[in-house]
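Under the numbering used here, think of the first position of the sequence shown as 3, with each following residue one higher.
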Amino acid sequence: MQCKKCPGKLAIARSCRRVRLKCQKCGHEYQIHEVADQLDAETEEILARWNCVIYD
Numbered sequence: 003m004q005c006k007k008c009p010g011k012l013a014i015a016r017s018c019r020r021v022r023l024k025c026q027k028c029g030h031e032y033q034i035h036e037v038a039d040q041l042d043a044e045t046e047e048i049l050a051r052w053n054c055v056i057y058d
C-alpha cells in the first residue's frame, strides 16, 4: 500500500493496544478505517491473522 501523502510504502505498526499503518518514508500513521478501502491483499492477509483488530 502506498501512503496518501508521499510515495512511501505503508507497513503495519502494531503496539500492545492498537494497530496502525505507518509510512516507512514520512512516518505518517493512519488508522485502519482511514485506508480500509485501499488495503491490498498482502496487508489484508496479515490483518486476518488476528481475530480482532482494535483501533482508536
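We put the CB at the ideal spot given by N, CA and C, even for glycine.
{"Item": "Between which two residues does the beta strand (DSSP E) holding Leu49 run?", "Value": "Careful: Leu49 lies outside any beta strand (DSSP E), inside the alpha helix (DSSP H) at 43 to 49."}
{"Item": "Starting from His35 and walking both ways along the alpha helix (DSSP H), at which residues does that stretch end?", "Value": "34 to 37"}
{"Item": "Classify Cys5 as buried or exposed, calling it buried when 16 or more other Cβ atoms lie within 10 Å of its own Cβ.", "Value": "buried"}
{"Item": "Taking just the CA atoms, how far does Lys24 sit from Ala38?", "Value": "14 angstroms"}
{"Item": "Thinking C-alpha only, which one of Arg22, Arg51, Leu12 is nearest Cys28?", "Value": "Leu12"}
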